[in-house]
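Novice:
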Amino acid sequence: MGPRKIIIDTDPGQDDAVAILLALASPELEVLAITAVAGNVPLPLTARNARVAVELAGRTVPVFAGCDRPLERALVTAEHVHGRTGLDGADLPDPSLPLGERHAVDVLIETLRTEPAGTVTLCALGPLTNLATAFRRAPDVVGRVQQIVLMGGGFFEGGNITPAAEFNIFVDPEAAQTVLRSGLPVTIVPLDVTHKALTTPHRIDRFRHLGTPVGQAVAGWLDFFERFDVEKYGSEGGPLHDPCVIAWLIRPDLFKGRHINVEVETASDLTRGMTVADWWRVSGRTPNANWLREVDADGLFNLLVDRIGRL
Ligand code: BDR
Ligand code: CA
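Residue numbers (my numbering): 12 to 322.
1) What's the call for Val281, buried or exposed, on a 16-neighbour Cβ count within 10 Å?
2) In this structure, does DSSP put Thr210 in helix, strand or coil?
3) For the stretch 118–184, which segments carrying the alpha helix (DSSP H) assignment without a break, of at least 4 residues, lie completely within its bounds, in sequence order?
4) Which residue or residues does DSSP assign as beta-bridge partners of Met12?
5) Hey, out of Pro224, Asp307, Gly245, Gly284, whose CA is closest to Arg262's CA?
6) Which whole-angstrom value describes the C-beta separation of Asp265 and Gly320, a residue pair presumed to lie in contact below a C-beta threshold of 8 angstroms?
7) Among Ala85, Val118, Ala135, Pro224, which residue has its Cα nearest to the Cα of Val200?
8) May I ask whether a heavy atom of ligand 1 can be found less than 6 angstroms away from the beta carbon of Glu177?
9) Return yes when at least one heavy atom of ligand 1 lies under 6 angstroms from the C-beta of Gly24, else no.
10) Out of Ala85, Gly111, Thr96, Arg217, point me to the one whose CA is closest to Pro73's CA.
11) What's the gap between the Cα of Val293 and the Cα of Trp302?
12) If you check the beta carbons only, do Ala300 and Val197 fall under 7 angstroms apart?
13) Roughly how many angstroms lie between the CA atoms of Arg113 and Val225, to the nearest whole one?
14) Just checking Leu136 against ligand 2 - is the residue's beta carbon closer than 6 angstroms to any of the ligand's heavy atoms?
15) Considering only their Cβ atoms, is the gap separating Pro106 from Val63 smaller than 7 angstroms?
16) With DSSP as the reference, identify every bridge partner of Phe266, one or two as the case may be.
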């Protein structure tokens, strides 16, 4: 069996960038394209930052810019977490890799129509606007997706951008609802998992001690990125969200979850973007997602250090 074909849809963000590095360093995966979406920072910066990560990895995967705002709402960004550029913490040059000329949504649609049905996995690391736009515009491609793995939501941990909602789902709840109602196999990496994958000082030092430019950059990013959550939660490190999506594809044995029903709140202002996860299966609603809850954090960081050390 050859490597699994994936498209990474992303809004980098330091943790998105580490996820991209992990994917590019892993022979189990073939990254067909990276599609940028507005989220942590506006679209021109996420499209730039994705190319910074690709170039840092020494690869030439094509990067395309997609939707610059959510389906029905104004864009909310997170510079308070990720810094003004979205990738604060490492001093890296502007990328020379040109941005692809096509719109990311067209790339998603065309790739899914061209590749054999059921062979492309979509990895979503930001608001789900690009994916939902592709599914709404070209319903024929939905059934051609192998599966979706996304970082978003939270149930036992509550939210991070509001008490009820996690950032990616909060920014575009209608898009998240479209994806969750697509009928596709969806695996969700929520805050319930990522709040157990903490970037402790020791773990960050492991990247620094790789002694490579990539290791230095990752350590710088994580130092910057963790300060917000360490202050907020009083934890030993920040949650390393998005790399868990890629890690699950490579080492699903590091995670545990349940197949349950998950719905997204789109009507209420108070709980906008809340993921109502029926962990205890009390709603009678049909399960539509594999909701992860546990991670072997040491195993995750061993994987990350090993793979990023290869770049
Ligand atoms: C998610 O929001 C972003 O800030 C991170 O990149 C991650 O995708 C965590 O809530
Ligand atoms: Ca992200």
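Idealized CB from N, CA, C, for every residue including glycine.
Specialist: On the basis of the data shown:
1) It is worth fixing the name first, because residue 281 is Leu in this sequence and not Val. So Leu281 counts as exposed.
2) strand
3) 140–148, 178–182
4) Note: Met12 sits in no beta bridge, so no partner.
5) Asp307
6) A quick correction: the sequence has Leu, not Asp, at residue 265. Rounded, the Cβ-Cβ distance is 18 angstroms, inconsistent with contact.
7) Ala135
8) yes
9) yes
10) Gly111
11) 15 angstroms
12) yes
13) 29 angstroms
14) Yes, the beta carbon of Leu136 sits closer than 6 angstroms to at least one heavy atom of ligand 2.
15) yes
16) Val306.
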